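Working notes, beginning with the structure itself.
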Amino acid sequence: MAEYSAFSLLKNALTGNKDWKPAWRKPDPKASYDVIVIGGGGHGLSTAYYLAKEHGITNVAVLEKGWLGSGNVGRNTTAVRSNYLLPANTRFYEHSMKLWENLSHDLNYNVMFSQRGCLNLAHTPAQLDDFARRGNAMRHLGVDAELMTTAEIARLVPALDVSATARFPIVGGLMQRRAGTARHDAVAWGYARGADRRGVDIIENCEVTGFLRDGDRISGVSTSRGEIRARKVAVAVAGSTGQVMRLAGIDTMPIESHVLQAFVTESLKPFINTVLTFGMGHFYMSQSDKGGLVYGGDLDGYNSYAQRGSLPVVDEVMSEMLALFPGLARVRMLRSWGGVCDMSMDGSPIITIGPLPGMYLNCGWCYGGFKATPASGWCFAWTIAKDEPHDINAPFTLDRFHRGLVIDDKGQGATPRLH
Amino acid sequence: MLITCPYCGPRDVIEFTYQGDGNRERPQPASQDLDAWNAYVYDRLNPAGDHNEIWQHSGGCRAHLRVVRNTLTHEISSVAFARGDHKSVARHKTEGKS
Ligand SMILES: Cc1cc2nc3c(=O)[nH]c(=O)nc-3n(C[C@H](O)[C@H](O)[C@H](O)COP(=O)(O)OP(=O)(O)OC[C@H]3O[C@@H](n4cnc5c(N)ncnc54)[C@H](O)[C@@H]3O)c2cc1C
Ligand SMILES: [Zn+2]
């Protein structure tokens, strides 16, 4: 499998681009593996990559029921940031940020990571105080954060309505300059290629339909392509967590599946060069490299496995966009779509050994798990390889709810509508 | 999506507020059964299919309703007042338009 380089680009250009190789093989499943990863989303693929790269475990299969990138890794709005309040979250997401900063180089695949910043707008002095507190908490742990004045914000985002008569006047904001966006498909493809070239079998159109057991131990899976055995079975299926865990006899989880929508407008000239979030409702926006404004808001608000959204949310998101950017009133929306998110009850993820012997679980990504993709795979691979969590993911257990150790960054208690 | 309130009739979903999973049972306030409290606060069945849930007609009669809705298709197979008289149960099929 060829390296991507200026030389290979030139060589293939001169030979009519006929000799590019597929980025990953299409092997048939073997009878057994050391590790099976269920779910070929960003997290499953990065797990396989780091298992091979960091721990030398290469006899691995990633089983994906559809095609790579058909889940949330290819449906998200690509925002990457590490601006959390609680230390467990800050450490984890900052670890991810550091991996992002070197990811294209590490994968030899351009994931188009763009550190254009992420700005959270404040609309009341109390909210600005709250952001100052969060910024201080971040800086305390070595993460960049700066408070911005309304005048600075107006210079950075000229199209924003910063007037005193705006429906929700802007009094300042919290900026993380190292935050930004990445090309989501490239993240999946880059990890897939990186895992494949180290020997990992990536098996698409292979749905896990049950678990095999030796006594009480999980020892493999049954799939739409037959039974496959493994010493260790890792689950990383995002919005399908409830369904897959039910196949293993676990009927309840601290998780609900909800649909989250996203939208993109027709292409515009450069309009906004940061990721911007609205502090008075739930709205966020950035501009893609093709020029479309990419934006989203809240979950639809009720349990859903439909990968499509409902109209009231469309209406609400558009109103919030216009409250901030009256000038966008005539811009046309090109597309909208939905993805099914695994909303955990405290808004934080679960990366853990168990809950059954031989099983490992990675879930609870809510609507912010894209930015976690590198650290999630890195920590999960560590946990699978060593049968213990790394310090960074040690707080993200499944039993933290039961033990009263929730990681509730928003401080809003048990609700599946956080982050 | 339309929800047929047994009191007001079919209304758009924007008139309603979702109150979550209707299967949960709150332990007695004095209960010290940690497993029961844990299950009530955090554990969810999260089915892909028919889901028993509570909605409030907050933009209408304000009644709390028990709704059975399919989480794959948004089809609603039954709506009833969450508490009280079972004679008022409205059974109907509303094609979920979302
Ligand atoms: C509209 C939207 C916007 C978002 N915006 C952002 C954002 O800006 N920033 C951010 O950080 N996060 C964002 N997220 C969240 C983020 O996309 C997800 O948390 C994250 O991608 C989930 O991890 P994943 O990539 O592994 O999941 P997925 O890509 O969904 O991977 C799970 C895979 O498991 C497979 N699977 C399921 N069941 C089985 C089975 N039985 N057998 C085999 N395979 C199975 C699925 O087909 C799927 O491919 C957004 C999400 C949505 C929906
Ligand atoms: Zn009513």
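Just so you know, the sequences run in chain order X and Y.
Counting in the UniProt record's numbering, the first sequence runs from 1 upward without gaps.
Counting in the UniProt record's numbering, the second sequence runs from 1 upward without gaps.
All C-beta atoms, glycine included, are put in the ideal place defined by N, C-alpha and C.
This one's a predicted model, so the numbers in the text were calculated from it and none came from an experiment.
Apply the 10 Å Cβ neighbour rule to residue i and answer buried if 16 or more other Cβ atoms are within range, or exposed otherwise.
i: residue 420(X); result: Outside the shown range of chain X (1 to 419) lies residue 420(X), about which nothing can therefore be said.
i: Lys-269(X); result: exposed
i: Ser-267(X); result: exposed
i: Asp-409(X); result: buried
i: Lys-26(X); result: exposed
i: Glu-95(Y); result: Only weak support is given to the placement of Glu-95(Y): the predicted model assigns it a pLDDT of 42, under 50, and the value that follows is read from those uncertain coordinates. Classification of Glu-95(Y): exposed, given that the 10 Å Cβ count is below 16.
i: Trp-67(X); result: exposed
i: Pro-47(Y); result: buried
i: Thr-241(X); result: buried
i: Glu-94(X); result: buried
i: Asp-300(X); result: buried
i: Gly-9(Y); result: exposed
i: Gln-176(X); result: buried
i: residue 425(X); result: No statement about residue 425(X) is possible, as the shown extent of chain X runs from 1 to 419 and does not include it.
i: residue 101(Y); result: For residue 101(Y) there is no data in the structure shown, the boundaries of chain Y being 1 and 98.
i: Leu-405(X); result: exposed
i: Leu-10(X); result: exposed
i: His-140(X); result: exposed
Only counting the same chain, and skipping five residues up and downstream in sequence, which positions put a Cβ closer than 7 Å to that of residue i?
i: Trp-100(X); result: Val-80, Phe-113, Ala-182 and Pro-374
i: Ala-48(X); result: Val-37, Val-60, Val-62, Ala-195 and Val-200
i: Tyr-4(X); result: Asn-108 and Tyr-109
i: Gly-364(X); result: Ile-255, Asp-342, Ser-344, Ser-348, Pro-349 and Ile-350
i: Tyr-7(Y); result: Cys-61 and Ala-63
i: His-123(X); result: Phe-168, Pro-169, Ile-170, Val-171, Gly-279 and Met-280
How about residue i and residue j: do their beta carbons lie closer than 8 Å?
i: Gly-71(X); j: Ala-236(X); result: no
i: Glu-46(X); j: Tyr-284(X); result: The sequence given here places Ser at residue 46(X); Glu does not occur at that position. It is not a contact, given that the beta carbons lie outside the stated cut-off.
i: Val-233(X); j: Ile-36(X); result: yes
i: Gln-261(X); j: Ser-336(X); result: yes
i: Ala-188(X); j: Val-264(X); result: no
i: Ile-54(Y); j: Arg-66(Y); result: yes
i: Ile-228(X); j: Gly-40(X); result: no
i: Ser-27(Y); j: Tyr-40(Y); result: Sequence check: residue 27(Y) is Pro here, not Ser. Yes; because the gap between Cβ atoms is below 8 Å, this pair is in contact.
i: Tyr-305(X); j: Thr-71(Y); result: yes
i: Leu-324(X); j: Leu-160(X); result: yes
i: Pro-29(X); j: Arg-308(X); result: no
i: Leu-322(X); j: Val-157(X); result: no
i: Phe-16(Y); j: His-57(Y); result: yes
i: Phe-131(X); j: Leu-119(X); result: no
i: Ala-230(X); j: Asp-391(X); result: no
Hey, would you say the C-beta of residue i is under 7 Å away from at least one heavy atom of ligand 1?
i: Val-244(X); result: yes
i: Ala-132(X); result: no
i: Lys-65(X); result: yes
i: Thr-265(X); result: no
i: Gly-117(X); result: no
i: Glu-256(X); result: no
i: Cys-379(X); result: no
i: Thr-373(X); result: yes
i: Thr-419(X); result: One detail in the question is off: residue 419(X) reads as His in this sequence, not Thr. Checking the Cβ of His-419(X) against ligand 1 gives no.
i: Glu-207(X); result: yes
i: Tyr-42(Y); result: no
Excluding five sequence neighbours on each side, which residues of the same chain lie with their C-beta closer than 6 Å to the C-beta of residue i?
i: Ser-288(X); result: Val-294
i: Asn-273(X); result: Arg-116
i: Pro-29(Y); result: none
i: Thr-352(X); result: Leu-361, Thr-397 and Leu-398
i: Pro-389(X); result: Thr-383
i: Thr-77(X); result: Ala-262, Val-294 and Gly-296
i: Met-343(X); result: Glu-256, His-258, Cys-366 and Pro-416
i: His-419(X); result: Gly-347, Cys-366 and Gly-368
i: Val-89(Y); result: Annotation note: pLDDT 42 at Val-89(Y) (below 50); position unreliable, no value reported.
i: Glu-64(X); result: Gly-40 and Glu-204
For residue i, verify whether its CB is less than 7 Å away from any heavy atom of ligand 2.
i: Gly-60(Y); result: yes
i: Tyr-7(Y); result: yes
i: His-57(Y); result: yes
i: Ala-63(Y); result: yes
Could you pull out every residue in the same chain whose Cβ sits closer than 8 Å to the Cβ of residue i, ignoring the five residues on either side in sequence?
i: Gly-199(X); result: Ala-52, Thr-58, Asn-59 and Val-60
i: Arg-133(X); result: Leu-85
i: Ala-238(X); result: Gly-39, Gly-41, His-43, Gly-71, Asn-72, Val-340, Cys-341, Asp-342, Cys-363, Trp-365 and Gly-369
i: Asn-89(X); result: Ser-348, Ile-407 and Asp-409
Using a Cβ-Cβ cut-off of 8 Å, state whether residue i counts as contacting chain B.
i: Arg-26(Y); result: Absent from the structure: chain B. Protein chains present are X and Y.
**Message:** Short of 9 Å Cβ to Cβ, which residues in the stretch 383-403 of chain X face chain Y?
**Reply:** Listed by position, the residues of the stretch 383-403 of chain X near chain Y (Cβ gap below 9 Å) are Phe-401 and His-402.
**Item:** Under 7 Å (Cβ pairs) to chain Y, residues found in the stretch 312-324 of chain X
**Value:** Residues passing the 7 Å Cβ filter: Pro-312.
**Request:** Using a Cβ-Cβ cut-off of less than 9 Å, list which residues of the stretch 40-57 of chain Y approach chain X; keep chain order.
**Result:** Within the stretch 40-57 of chain Y, the qualifying residues are Val-41, Tyr-42, Asp-43, Arg-44, Leu-45, Asn-46, Pro-47, Ala-48, Gly-49, His-51, Glu-53 and Trp-55.
**Asked** Just by C-beta distance, which residues in the stretch 4-22 of chain Y are closer than 7 Å to chain X?
**Response** Listed by position, the residues of the stretch 4-22 of chain Y near chain X (Cβ gap below 7 Å) are Val-13, Ile-14 and Tyr-18.
**Request:** With 8 Å as the C-beta to C-beta threshold (strictly closer), list the residues of the stretch 251-266 of chain X near chain Y in chain order.
**Result:** Under the 8 Å Cβ criterion, the stretch 251-266 of chain X contributes Asp-251, Thr-252, Met-253, Pro-254, Ile-255, Glu-256 and Ser-257.
**Asked** Given a limit of 9 Å on CB to CB distance, which residues of the stretch 291-311 of chain X reach chain Y?
**Response** For the stretch 291-311 of chain X, the set of residues with a beta-carbon nearer than 9 Å to any beta-carbon of chain Y comprises Asp-300, Gly-301, Tyr-302, Asn-303, Ser-304, Tyr-305, Ala-306, Arg-308, Gly-309, Ser-310 and Leu-311, in chain order.
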